[in-house]
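By my numbering, the letter at position 220 of the sequence shown is numbered 966, and the numbering carries on one by one without gaps.
I have placed the structure first, in the form of structure tokens, so that the comments after it can refer back to it.
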Amino acid sequence: MHNPEFEAQRIIDLKNLMPDYDRPHRRYNPLKDEWVLVSPHRTQRPWLGQVEKTPALILPEYDSECYLCPGNSRVGGVRNPVYDSTFVFDNDFPALLPPDDTQPATSDLFRAEPASGISRVVCFSPRHDLTLPELPLADVEQVVRTWIDQTRDLGERDNLAYVQVFENKGEMMGCSNPHPHSQIWATSFVPNEPLREQRAMLEYLTRTGGCLLCDVYAAEQDTGERIVLENDGFIAFVPFWAVWPYELLLISRRHFGALTDLRATEIRNLAELLKQVTIRYDNLFEISFPYSMGFHQSPFDGEPHPEAHFHLHFYPPLLRSATVRKFMVGFEMLAMPQRDLTPESAAERLRELNPLHYRSRPK
Ligand SMILES: [Zn+2]
Ligand SMILES: [Zn+2]
Ligand SMILES: [Zn+2]
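Following this line, the structure appears as structure tokens:
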């Protein structure tokens, strides 16, 4: 479906892409239309294998103080049911409220618009201590099905244009409760990040006749060097333009836009990859690995979105050990993101990790 001129250029580009990335260079992110500075000469030394371990935090299966555990009461006195699967509720302190008739004051210079929506919490299971990598696969599948049901419920509503599913994991990411859960914020508008990517994918479709992420998928399979894991439905790789040290992008093999388009086999494929990817993450420094992750899907704004390709970002902050994190400060805050470790090296390191979770291995 590509125009021939673009196809010829794509083949030349691939041939020229022989890895020679040991000097400083910048890489372009076509999803966000921005650049990242890569300074690999600062990490030319081989990996020293030095891991600063923090004492393993052993959590109980149930915590009477946890407001997400079954049967416990939340702020405001609402009591959770004694749930035995996933459990969804409206956030007790929602960032978004239902629409009303008020209009914020606005001008050309100080522009404001009404913003409404719904925010929900999805507990992965009754178990206080089991994160995605340690949850049985059938339970991870149930989490995916819950995200799908929620997306359908919220996406069908007239006053909502986008459904953002995300998980913020670990104190380092500002997550205050260790009980494994994700959040869903559905908004009356398309938020910045998906809007920006949507525009980039549409521009690419218009220019080349093809889908940006279908092409990225094919190109990553051609080289293979940034792939960490793959199965019949999805590929997980460190993107060429990754900013965070061990950032991952999961792309569906098939072209479709939203969680609600997943087929039964793809639900299983996605659950498997989620579990396997998070096992590698935990094994990297042998800790419960912190990250923010979330899906990007088609807007639910009533328009067809042929350019939209379903995917999932993982943005983990850790760099060299359980305690050394990457900060986005200084040059990064004022100029552009920068990294030392190349995405190719990060992918290699993740790929070589044990596929069994470190806590489930015999000592
Ligand atoms: Zn709990
Ligand atoms: Zn596609
Ligand atoms: Zn995205």
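We treat Cβ as the ideally placed atom computed from N, Cα and C, and that holds for glycine.
Small disclaimer: the values here were computed from a predicted structure and weren't measured.
For residue i and residue j, what's the separation of their Cα atoms in angstroms?
i     : j     : result
Y963  : D847  : 45 angstroms
R1107 : L1080 : 44 angstroms
Y1104 : I1033 : 9 angstroms
R953  : P776  : 13 angstroms
G795  : L1030 : Low per-residue confidence applies at G795: pLDDT is 48, beneath 50, and the placement is therefore not dependable, though the value from the model is reported in the following sentence. Distance between the alpha carbons of G795 and L1030: 10 angstroms.
R791  : S1091 : Low confidence applies here, because R791 scores a pLDDT of 48, under 50, leaving its location unreliable and the question unanswered by this model.
W793  : F1060 : With a pLDDT of only 47 at W793, under the threshold of 50, the placement of this residue in the model should not be trusted; the figure read from the coordinates follows. Using only the alpha carbons, I get a separation of about 23 angstroms.
A1093 : W987  : 13 angstroms
D838  : R866  : 9 angstroms
R942  : V936  : 9 angstroms
V828  : E753  : 56 angstroms
P985  : H1057 : 12 angstroms
L855  : Q944  : 26 angstroms
S831  : R873  : 9 angstroms
D1028 : P1101 : 10 angstroms
R825  : P926  : 18 angstroms
E807  : G920  : 22 angstroms
G956  : H748  : 5 angstroms
M1082 : S819  : 45 angstroms
G823  : D895  : 27 angstroms
A1010 : Y813  : 33 angstroms
S853  : S862  : 20 angstroms
Q755  : L959  : 17 angstroms
L1065 : R1095 : 12 angstroms
R1097 : S810  : 39 angstroms
V911  : K1021 : 17 angstroms
D1007 : E1078 : 37 angstroms
L783  : Y774  : 9 angstroms
G965  : L995  : For the sequence presented, residue 965 should be read as Ala rather than Gly. Each residue's Cα considered, the two are about 14 angstroms apart.
V1075 : D1086 : 15 angstroms
N938  : R857  : 15 angstroms
Mind checking whether residue i and residue j have CB atoms under 9 angstroms apart?
i     : j     : result
S1038 : K915  : yes
G1040 : E1012 : no
A841  : W931  : yes
L900  : I864  : yes
I973  : P879  : no
S934  : P1045 : no
Q1084 : S785  : yes
H787  : R772  : no
P1062 : W990  : yes
P860  : F833  : no
Q1043 : T877  : no
Using only the heavy atoms of ligand 1, determine whether one of them is closer than 8 angstroms to the beta carbon of residue i.
i     : result
L814  : yes
D923  : The sequence shown places Asn at residue 923, rather than the Asp named in the question. The answer is yes for N923.
Y1027 : no
Y808  : yes
H771  : no
H787  : no
H874  : yes
Which residue wins for smallest C-alpha separation from residue i, given the options the options?
i     : options                      : result
V1023 : L1005, P991, A1004 and A982  : A982
D885  : A1017, R1095 and I1025       : A1017
Y992  : P926, Y767, R942 and F1035   : F1035
M947  : P750, P770 and D779          : D779
E949  : R1071, E913, A1054 and E753  : A1054
L803  : T852, R1095, N905 and P924   : P924
P1052 : H1001, H927 and S922         : H1001
C869  : L1096, G1048 and S928        : S928
E902  : S998, A1010, E913 and A1004  : A1004
N1015 : L994, R891 and G1076         : R891
Y1110 : K1021, G1076 and P1089       : The question about residue 1110 has no answer here: the residues shown for the chain are numbered 747 through 1109.
K1072 : M918, D875, P882 and A965    : M918
R999  : L1020, T1006 and E976        : E976
D1047 : L906, L1065, L1099 and L1019 : L906
F835  : W893, A965, L1020 and P1050  : W893
D904  : D1086, E1049, S871 and L1020 : E1049
L883  : L1019, G1076, A851 and E811  : L1019
I997  : D961, E913 and T1069         : D961
What residues come near ligand 2, if near means a beta carbon less than 7 angstroms from any of its heavy atoms? C957, L959, C960, H1001 and H1055
Ligand 3 site residues, beta-carbon cut 7 angstroms against heavy atoms: L777, E939, P940, E943, H1042, H1057 and H1059
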